[in-house]
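Q: Numbered by our numbering, the letters in the sequence shown go through residues -1 to 374 in order.
In this text, a Cβ means the ideal position worked out from N, Cα and C, and glycines have one as well.
Small disclaimer: the values here were computed from a predicted structure and weren't measured.
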Amino acid sequence: MIRRIFALAKKEFRELSRDVRMLFVLFAFPIILLGIFGYAITFDVHHIKVAVYDQEKSDLTREFINNITSSDYFDVVGYINSENEIRTALDDRDAQCVIVFPSDMSRKLYTGEEAKIQVLVDGINANSASIIINYINSATSSFSQSFVKEVMAVNGIKPYVPIDPQPVFWFNPELNSTFFLLPGLIAFILIITAVVSIALSIVREKERGTIEQINVSHISYIELLIGKTLPYTIIALIISALVLTAGHILFGITVQGSYFLLFFTTLIFLFAALNLGIFVSTVADSQQVAFQIATLVSMLPAVILSGFIFPIESMPPFIQILTNVTPAKFYIVILRDIMLKGVGISAFWDQIIYLLIFAFVFLTLSTLIGKKTRAV
């Protein structure tokens, strides 16, 4: 049995070594994808274009403007002189938001009244608009506290803050969205590599007619599956190491937890993903069909339903149940726990069980369909 499995694996390695284009896709594509996703996909919003309609033009309003532009979050792109220009600035996308200062802002502040400023935001992109408002609120709160302390000091009152929250961000202190996205990207790359490659490999045997020779040989269906999946498991592990290394070089991401746990859980995930690819190969008769089905069942769920980008908790209950169709959902939880939190298996043992259940369900279906096909 071991000799037969080894012979199949050796045959698969030889075929791969002759296919230069496939090798390029397998090893270059993940690194290219990492660079594109890592730099292009981000939840951070910087250099927000701000236009200012300052009806007072006082030292106080200028101080406020200097306060919000002291970081790279806001860039003042111009000053507006009338209300008619506000719509033009937003319509022409010259500005993402417009800050309007009232003409009596300083008087109200120094007389103890509440001064209000108006912030008009382009709300077409709801996510960006929410982030812009949060930034504005934070900058305004900081300016207000500074102003209150200054007024109290002038009046001889010792400034104090009744409640002063001191937020501390664990696991990702700089709130870098790339750190959050990279584990999902690893799962995304691995599931595509595993599902597509194994599906094409087995269907290729069907197209060439060599699957008939295998069917009449002494090789059992389980031996065929093991011999076919072993090379791609090794390749996927190498790709995982490459992506982790590239992530460390490009983005400074390091694994906080156990490398052994990372290796062990990656093997389980690959076991589940390869079984999904095997199932695709049992229902497809050509490489073109196999590629389309494999891409459909691996890429789209891994992006939309896995929690890679969109939080599962925010989805409707029915969609949350539907997210179980992809093993990437469980693997991403494990990756984030190991890479970012550095926790042990006690934090994600249930995700491992879900992965094993997923793997054995599709292995059973593939075996039943495969044996039925061989019998026919």
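Taking the alpha carbon of N64 as the reference point, which residue from F289, L31, F141, I39 has its own alpha carbon closest?
A: Residue numbering aside, residue 64 sits at position 66 when the sequence shown is read from its first letter. Measuring from the Cα of N64, the nearest candidate turns out to be F141.
Q: Could you tell me whether the Cβ atoms of I376 and P299 are closer together than 8 Å?
A: Outside the displayed range of the chain (-1 to 374) lies residue 376, so it cannot be described from this structure.
Q: If distances are taken between C-alpha atoms only, which option among V278, D70, W347, I130 comes closest to L333?
A: Position 335 of the sequence shown, counted from the first residue, corresponds to residue 333. Looking at the Cα atoms, W347 is the closest of the given residues.
Q: Look at the alpha carbon of N387 and the alpha carbon of Y51, and state the distance between them as a whole number of angstroms.
A: Only positions -1 to 374 of the chain appear in this structure, which leaves residue 387 out of reach.
Q: Going by alpha carbons, who is nearest to N135 out of E172, V166, Y71, T264?
A: Start at 1 with the first residue of the sequence shown, and residue 135 comes out as number 137. It is Y71 whose Cα lies nearest to the Cα of N135.
Q: In three-state DSSP terms, what is Q318?
A: For the purposes of this step, residue 318 is taken as the residue at position 320 of the sequence shown. Looking at Q318 - three-state DSSP - the assignment turns out to be helix.
Q: Just to confirm the assignment: which complete beta strand (DSSP E) runs, minimum length 3, are found wholly within the stretch 108 to 134?
A: The qualifying runs are 116 to 119.
Q: Give me whichever residues DSSP pairs with G376 in a beta bridge.
A: This structure leaves residue 376 out entirely; the chain is present only between -1 and 374.
Q: Per DSSP, what kind of secondary structure is I97 in: helix, strand or coil?
A: Here residue 97 is taken as the residue at index 99 of the sequence shown, counted from 1. I97: strand per DSSP, three-state reduction.
Q: Where T176 and F277 are concerned, what is the direct C-alpha to C-alpha distance, given to the nearest angstrom?
A: Counting from 1 along the sequence shown, the entry for residue 176 is found at position 178. Counting from 1 along the sequence shown, the entry for residue 277 is found at position 279. Those two C-alpha atoms are separated by around 33 Å.
Q: Could you give the C-beta distance for F306 and A292, rounded to a whole number, given that I count them as a contact under 8 Å?
A: Looking up residue 306 in the sequence shown gives position 308. Looking up residue 292 in the sequence shown gives position 294. Contact flag wrong, Cβ pair sits at about 18 Å.
Q: In chain order, what residues of the same chain lie with their CB nearer than 6 Å to the CB of L6, ignoring the 5 residues before and after it?
A: By 1-based counting over the sequence shown, the position of residue 6 is 8. G225.
Q: Compute the Euclidean distance between the alpha carbons of V74 and I66, then round it to the nearest angstrom.
A: As a working note, residue 74 is residue 76 in the sequence shown. As a working note, residue 66 is residue 68 in the sequence shown. One C-alpha to the other measures close to 9 Å.
Q: Report buried or exposed for A234, applying the criterion of at least 16 other Cβ atoms within 10 angstroms of its Cβ.
A: Looking up residue 234 in the sequence shown gives position 236. Buried is the label assigned to A234, since at least 16 other Cβ atoms lie within 10 Å of its Cβ.
Q: What does a CB cutoff of less than 6 Å around K339 pick up in its chain, not counting 5 residues either side in sequence?
A: For this step, residue 339 is matched to residue 341 along the sequence shown. Hits under 6 Å: F169.
Q: Pick helix, strand or coil for I0, following the three-state DSSP scheme.
A: For the purposes of this step, residue 0 is taken as the residue at position 2 of the sequence shown. The answer is helix: DSSP assigns I0 an H, G or I state.
Q: Just the Cα atoms here: how many angstroms apart are D283 and I355?
A: Counting from 1 along the sequence shown, the entry for residue 283 is found at position 285. Counting from 1 along the sequence shown, the entry for residue 355 is found at position 357. Between D283 and I355, the C-alpha separation is close to 27 Å.
Q: Which term fits S80, buried or exposed, when burial requires 16 or more other beta carbons within 10 angstroms of its beta carbon?
A: Locating residue 80 in the sequence shown gives position 82, counting from the first residue. So S80 ends up on the exposed side.
Q: Ignoring anything shorter than 4 residues, give me the alpha helix (DSSP H) runs that lie fully in the stretch 142 to 206, in order along the chain.
A: With a minimum length of 4 residues, the continuous alpha helix (DSSP H) runs that stay inside the stretch 142 to 206 are 175 to 206.
Q: Which one of V359, F261, Y352 has the shortest CA to CA distance from N273?
A: Numbered from its first residue, the sequence shown carries residue 273 at position 275. Here the closest residue by C-alpha is V359.
Q: Can you list, in chain order, the residues of its chain whose CB lies under 8 Å from that of V18, leaving out five sequence neighbours each side?
A: For the purposes of this step, residue 18 is identified with residue 20 of the sequence shown, where counting begins at 1. Excluding sequence neighbours, V18 sits near nothing in its chain.
Q: Would you kindly report the start and end of the unbroken alpha helix (DSSP H) that includes Q290?
A: Walking along the sequence shown from the start, residue 290 turns up at place 292. Taken as a continuous stretch (DSSP letters only), the alpha helix (DSSP H) holding Q290 covers 285 to 302.
Q: Report yes if the CB atom of I336 is closer than 8 Å to the CB atom of L222, and no otherwise.
A: Taking the sequence shown and counting its residues from 1, the one referred to as residue 336 is at position 338. Taking the sequence shown and counting its residues from 1, the one referred to as residue 222 is at position 224. The Cβ atoms of I336 and L222 do not sit closer than 8 Å to each other.
Q: Please go through the same chain and pick out, in chain order, the residues whose beta-carbon is closer than 7 Å to the beta-carbon of I78, but skip the five residues on each side of it.
A: For this step, residue 78 is matched to residue 80 along the sequence shown. For I78, where only same-chain residues beyond five positions count, the Cβ hits under 7 Å are A49, V50, Y51, I84, A87, V96.
Q: Under 8 Å between the Cβ atoms of A244 and L32?
A: Working through the sequence shown from its first residue, we reach residue 244 at position 246. Working through the sequence shown from its first residue, we reach residue 32 at position 34. In this structure, L32 lies closer than 8 Å to A244 by Cβ.
Q: What runs of the alpha helix (DSSP H), each 4 residues or longer, lie entirely inside the stretch 18 to 68?
A: 18 to 38, 57 to 66
Q: What does the alpha-carbon distance come out to for the pair V193 and S296?
A: The count along the sequence shown starts at 1 and reaches residue 193 at position 195. The count along the sequence shown starts at 1 and reaches residue 296 at position 298. Annotation: V193 to S296 spans about 7 Å, alpha carbon to alpha carbon.
Q: Beta-carbon of D90 versus every beta-carbon of chain D: anything under 8 Å?
A: Any reference to chain D falls outside this structure, which holds one protein chain only.
Q: Are the beta-carbon atoms of G76 and I196 separated by less than 8 Å?
A: Reading the sequence shown from its first residue, position 78 is the one you call residue 76. Reading the sequence shown from its first residue, position 198 is the one you call residue 196. No, the pair does not count as a contact, with Cβ atoms beyond the cut-off.
Q: For the candidate residues I46, L303, L363, whose alpha-carbon lies nearest to that of I319?
A: Mapped onto the sequence shown, residue 319 falls at position 321. Checked all of I46, L303, L363; the closest Cα to I319 is L303.
Q: Return helix, strand or coil for A137, following the three-state DSSP convention.
A: Within the sequence shown, numbered from 1, the residue matching residue 137 stands at position 139. DSSP places A137 within a helical segment (H, G or I) once states are collapsed to three.
Q: What whole-angstrom Cβ distance do Y329 and F267 have, given they're in contact under 8 Å?
A: Counting from one through the sequence shown, the residue named residue 329 turns up at place 331. Counting from one through the sequence shown, the residue named residue 267 turns up at place 269. So it is a contact: roughly 4 Å between Cβ atoms.
Q: If you follow the alpha helix (DSSP H) that Y257 is part of, which residue opens it and which one closes it?
A: The residue labelled residue 257 in the question sits at position 259 within the sequence shown. Per DSSP, the continuous alpha helix (DSSP H) segment holding Y257 begins and ends at 257 to 281.
Q: Span of the alpha helix (DSSP H) holding K327?
A: By one-based count along the sequence shown, residue 327 stands at place 329. It spans 326 to 334 - the alpha helix (DSSP H) in which K327 sits, taken as one unbroken run.
Q: If I130 sits next to Q94, beta carbons under 8 Å apart, how far is it from one beta carbon to the other, in whole angstroms?
A: For the purposes of this step, residue 130 is taken as residue 132 along the sequence shown, with counting starting at 1. For the purposes of this step, residue 94 is taken as residue 96 along the sequence shown, with counting starting at 1. Rounded, the Cβ-Cβ distance is 6 Å, consistent with contact.
Q: Can you tell me where the alpha helix (DSSP H) holding L338 begins and where it ends?
A: The count along the sequence shown starts at 1 and reaches residue 338 at position 340. In the DSSP assignment, L338 falls outside any alpha helix (DSSP H), carrying neither H nor E.
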